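Engineer: Using the working numbering, the first residue of the sequence shown is number 475, and each one after it goes up by one. Mind looking over this structure? Questions follow.
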Amino acid sequence: MKIISYNDIEVHMIRSTNNPLEIMRTALDITQKRDFMDQAGGVSAKTIQAVMKMNHGSVFEHVSYSFLILGASRSFLAQITRHRISSFTSGSQHYQDYRDYGCSVDESLIGNETMAESLEACAKTYVRMVDSGIPKYEARQVLPNAMQNNLLWTVNARSLVNFLNLRLCHRNTNEIMIVAGKILHLVKRHFSELFDVVGPDCFMRGGCAQGKMSCGRPWEGA
Ligand SMILES: Cc1cc2nc3c(=O)[nH]c(=O)nc-3n(C[C@H](O)[C@H](O)[C@H](O)COP(=O)(O)OP(=O)(O)OC[C@H]3O[C@@H](n4cnc5c(N)ncnc54)[C@H](O)[C@@H]3O)c2cc1C
Numbered sequence: 475m476k477i478i479s480y481n482d483i484e485v486h487m488i489r490s491t492n493n494p495l496e497i498m499r500t501a502l503d504i505t506q507k508r509d510f511m512d513q514a515g516g517v518s519a520k521t522i523q524a525v526m527k528m529n530h531g532s533v534f535e536h537v538s539y540s541f542l543i544l545g546a547s548r549s550f551l552a553q554i555t556r557h558r559i560s561s562f563t564s565g566s567q568h569y570q571d572y573r574d575y576g577c578s579v580d581e582s583l584i585g586n587e588t589m590a591e592s593l594e595a596c597a598k599t600y601v602r603m604v605d606s607g608i609p610k611y612e613a614r615q616v617l618p619n620a621m622q623n624n625l626l627w628t629v630n631a632r633s634l635v636n637f638l639n640l641r642l643c644h645r646n647t648n649e650i651m652i653v654a655g656k657i658l659h660l661v662k663r664h665f666s667e668l669f670d671v672v673g674p675d676c677f678m679r680g681g682c683a684q685g686k687m688s689c690g691r692p693w694e695g696a
């Protein structure tokens, strides 16, 4: 069985809105001008950031992204699917045969024998069950949380800001923080005017709201 570290999870941005500043210009102009058609140019970073601070978030919904997230675990799948304002297509444990699969664990557990033995034991049990005629969709109950999955995630920029704000915070597990960091890296290249100012509360809202749970370490960037 191949066991990878969260750092090796692949994130690909396979689709994005062409020229996000153009659609932002139309969205912002339509609110303010009757002659909004055929206005030239985009929108400045200053305007984009001011609109975000004002919480006029619906205009950002016209920009959207599709990401392929390859190799993150089933625990990650449970976490990311809590972000309801987005769309998901995941590998199916109902239909796919997982007699051979990989796992994703924290860097500190790469080479850990107890972890490797337990994951191998789950895989062997699954093979035994499927080979004995138990349907894959029942045998899957013995598959581990660490099992890798492939996911297609489509999300608009407004919801992505919310996701990154919540999931770049140190209070999260390393896996979702690492994936969020990879996503931030990609969207900064596509729409820097917005995503350059996105991060956890300590970065984008000037303070932490976690009270006693606060990590006390301001975000250092992804
Ligand atoms: C550090 C951390 C720890 C967490 N721990 C737990 C945990 O222990 N247990 C647990 O169950 N979850 C946990 N969560 C998940 C968390 O509670 C949210 O479900 C998750 O972060 C998705 O956030 P969201 O609802 O803002 O996103 P989305 O579902 O994408 O929603 C976006 C926004 O839309 C609005 N919205 C969406 N649906 C509704 C609705 N039904 N009613 C009203 N408004 C809505 C809200 O304004 C929401 O912020 C944790 C999250 C984090 C970041």
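Positions of the beta carbon are idealized from the N, C-alpha and C atoms, including for glycine. As the structure is a computational prediction, the values presented were derived from the model and not from experiment.
Taking the alpha carbon of Ile488 as the reference point, which residue from Gly607, Leu544, Asp675 has its own alpha carbon closest?
Structural biologist: Start at 1 with the first residue of the sequence shown, and residue 488 comes out as number 14. Looking at the Cα atoms, Leu544 is the closest of the given residues.
Engineer: What do you reckon, are the CB atoms on Lys610 and Asp580 nearer than 8 Å?
Structural biologist: On the sequence shown, position 136 is the one that residue 610 refers to. On the sequence shown, position 106 is the one that residue 580 refers to. No, the pair does not count as a contact, with Cβ atoms beyond the cut-off.
Engineer: Mark Glu612 as exposed unless 16 or more other C-beta atoms lie within 10 angstroms of its C-beta, in which case mark it buried.
Structural biologist: Mapped onto the sequence shown, residue 612 falls at position 138. The residue is exposed, with fewer than 16 neighbouring Cβ atoms inside 10 Å.
Engineer: State the start and end residues of the unbroken beta strand (DSSP E) segment that holds His536.
Structural biologist: Numbered from its first residue, the sequence shown carries residue 536 at position 62. First-last for His536: undefined, no H or E at that position.
Engineer: Taking all protein chains shown into account, decide if Lys686 is buried (16 or more other Cβ within 10 angstroms of its Cβ) or exposed.
Structural biologist: Here residue 686 refers to the residue found at position 212 when the sequence shown is read from its first residue. By the 10 Å Cβ count, Lys686 comes out exposed.
Engineer: Looking at C-beta atoms only, is the number of pairs between the segment 656-663 and the segment 556-575 that lie closer than 8 Å three or more?
Structural biologist: They do not touch, by the three-pair rule.
Engineer: Look at the alpha carbon of Leu642 and the alpha carbon of Leu617, and state the distance between them as a whole number of angstroms.
Structural biologist: As a first step, residue 642 must be located in the sequence shown, where it is residue number 168. As a first step, residue 617 must be located in the sequence shown, where it is residue number 143. Approximately 28 Å between the Cα atoms of the pair.
Engineer: Since Gly531 contacts Arg632 with CB under 8 Å, what's their CB separation in whole angstroms?
Structural biologist: As a first step, residue 531 is located in the sequence shown; it is residue number 57 there, counting from the start. As a first step, residue 632 is located in the sequence shown; it is residue number 158 there, counting from the start. Contact flag correct, Cβ pair sits at about 5 Å.
Engineer: If you compare alpha carbons, which of Glu649, Thr505, Arg645, Val537 is closest to Asn630?
Structural biologist: As a first step, residue 630 must be located in the sequence shown, where it is residue number 156. Nearest option by C-alpha distance: Val537.
Engineer: List the residues that DSSP assigns as beta-bridge partners of Arg489.
Structural biologist: Sequence index remark: in the sequence shown, residue 489 carries index 15 (1-based). Arg489 pairs with Ser540.
Engineer: Could you tell me which of Ser578, Met589, Glu587, Arg573 sits nearest to Thr599, measuring between CA atoms?
Structural biologist: In the sequence shown, counting from the first residue as 1, residue 599 sits at position 125. The candidate whose alpha carbon is nearest that of Thr599 is Arg573.
Engineer: Please determine, among Val671, Ser564, Gly681, the residue with the shortest C-alpha to C-alpha distance to Thr628.
Structural biologist: The residue labelled residue 628 in the question sits at position 154 within the sequence shown. For the residues Val671, Ser564, Gly681, the minimum Cα distance to Thr628 belongs to Ser564.
Engineer: Any heavy atom of ligand 3 inside 7 Å of the beta-carbon of Asn636?
Structural biologist: The model depicted lacks ligand 3 and carries ligand 1 instead.
Engineer: Which residue wins for smallest C-alpha separation from Arg548, given the options Val533, Ser540, Tyr575?
Structural biologist: Residue mapping note: residue 548 aligns to position 74 of the sequence shown, counting from 1. Per the Cα distances, Tyr575.
Engineer: In or out: Tyr569 buried (at least 16 other Cβ within 10 Å) or exposed?
Structural biologist: Within the sequence shown, numbered from 1, the residue matching residue 569 stands at position 95. Classification for Tyr569: exposed.
Engineer: Measuring alpha carbon to alpha carbon, tell me which of Met475, His486, Ala696 ends up nearest Ile584.
Structural biologist: The residue labelled residue 584 in the question sits at position 110 within the sequence shown. Closest option to Ile584, Cα to Cα, is Met475.
Engineer: Per DSSP, what are the beta-bridge partners of Leu479 in this structure?
Structural biologist: Here residue 479 corresponds to residue number 5 of the sequence shown, with the count starting at 1. As written in the sequence, residue 479 is Ser, which differs from the Leu given in the question. BP columns for Ser479 point to Val579.
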